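For the sequence shown, UniProt numbering gives the first residue as 1, with consecutive numbering after it.
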Amino acid sequence: MKKFHLPLLVTALPALLAACADDVDLDGYGRRAFRTDAECRVAYKRELQRGLTNPCTSERVGSSGRVLYWGPYTSRGASGTSYLGYDQTGKVARSGLQLSPTGRVNTYSAPTVSRGGFSSSARAGSTAAS
């Protein structure tokens with residue numbers, strides 16, 4: 001009889017599931033580059049005051065090691081302007097801030113693109129009535 005050892009699978013499972021998580025859909029979003037973090041924060045001072053967290057992130061560019069600072073991803077539409085900042089690791093956040101044309105502030109959940117992993121839906125776990 002063959003024996004299978006699962007410790008490796010058990011330790012790798014959280015990373016595997018995280019890799020299958022949905023990505024934020026950035027289609028239709030843009031962002032601006034700045035020379036310094038301070039410039040970025042000044043440009044988005046109003047959004048910071050209204051609750052946008054981590055609006056700026058840094059990225060090393062080229063072999064010189066020059067650093068660029070990126071502002072939040074923004075998208076304008078009929079319902080207003082949506083802003084997506086960054087998480088603590090510098091990746092785009094899954095939620096942000098939306099400013100309506102009338103100046104109303106709302107929280108905003110970014111649309112996602114499924115990468116085919118495990119997901120939940122309204123139908124998951126439901127049973128048909130007899």
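Cβ coordinates follow ideal geometry from the N, Cα and C atoms, glycine included. On a predicted model such as this, the values are computed, not experimentally measured, just so you know.
{"Check": "Burial state of Gly96, where buried means 16 or more other Cβ atoms lie within 10 Å", "Outcome": "buried"}
{"Check": "Residue span of the alpha helix (DSSP H) that contains Val42, given as start and end", "Outcome": "37-43"}
{"Check": "Gly80 (DSSP reduced to helix, strand or coil)", "Outcome": "strand"}
{"Check": "Rounded Cβ spacing between Tyr83 and Glu59 (contact assumed at less than 8 Å)", "Outcome": "With 8 Å as the limit, Tyr83 and Glu59 do not qualify as a contact, their Cβ atoms being about 18 Å apart."}
{"Check": "Backbone CA spacing between Asn54 and Val113 [nearest angstrom]", "Outcome": "22 Å"}
{"Check": "Extent of the continuous beta strand (DSSP E) to which Thr57 belongs", "Outcome": "57-61"}
{"Check": "Nearest candidate by alpha-carbon position, reference Tyr69, set Leu26, Arg32, Asp23, Asp27", "Outcome": "Arg32"}
{"Check": "Segment limits, beta strand (DSSP E) that includes Val105", "Outcome": "105-109"}
{"Check": "Beta-bridge pairing of Asp23 - partner residues as DSSP gives them", "Outcome": "Val113"}
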